[in-house]
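To keep things clear, I will list the structure first and then write my remarks on it.
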Amino acid sequence: TKSAPKERLSVELFALDGSRVDDAATHVDAWNDDYALAVGDEWFRVRLDAPEIAGVTTVDWPVCGQPLPASVVGATFCLRDDDVAYVWSVIDDDDGTERVVCTSRIYTPTSDVIGAKLVVDARPRGGEPRRFALSHRVRD
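Under this note's numbering, think of the first position of the sequence shown as 38, with each following residue one higher.
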């Protein structure tokens with residue numbers, strides 16, 4: 038018996054403005070960061086170099102009610118805000134368990150974490166996490 042003919046899968050490369058990249062384009066012109074490769078119905082972001090960071094720090098002390106931004110140190114190939122994922126946690130003094138309290142770059146400590154040790158993890162998309170444990174507890 039003959040099997041049904043296989044359907045061809047479309048593969049196309051798109052520029053930032055949504056225009057299709059010409060098939061005759063050189064590799065240098067065709068492959069750019071943030072272009073998109075469409076394979077059938079799936080879309081993939083083009084990355085020439087994966088984002089990397091050397092570490093993460095904060096710009097101030099953790100104080101209840103005050104926004105506390107995290108900043109990456111030694112960032113390379115971090116072109117967009119979403120190239121780094123942040124996770125803020127508080128550590129329980131009694132049993133050492135961690136509780137996630139925020140998943141954005143800026144965390145504002147609340148009254149329920151006063152006195153707790155605060156930790157921020159920063160992970161470049163597709164890379165290893167870097168941890169910075171604050172040396173001070175959240176103050177009111």
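Where is the CB? At the ideal position from N, CA and C, for every residue including glycine.
Boundaries of the alpha helix (DSSP H) around aspartate 66: 64-67.
About 5 Å separates the beta carbons of arginine 160 and alanine 122, which is inside the 8 Å limit, making them a contact pair. The residues Val124, Trp125, Ser126, in chain order, have a CB closer than 8 Å to that of valine 137 in the same chain once the five nearest residues on each side in sequence are set aside. For valine 48, the closest of Asp66, Val65, Val76 by C-alpha to C-alpha distance is Val76.
Annotated as distal: tryptophan 80 and alanine 87, with beta-carbon spacing of 8 Å or more. Measuring C-alpha to C-alpha distances from aspartate 132 to each of Val96, Val175, Thr95, Ala153 identifies Ala153 as the nearest. Sorting Glu135, Asp119, Arg117, Asn69 by C-alpha distance to the C-alpha of leucine 50 places Asn69 at the top. Under the three-state reduction of DSSP, aspartate 158 is assigned to strand.
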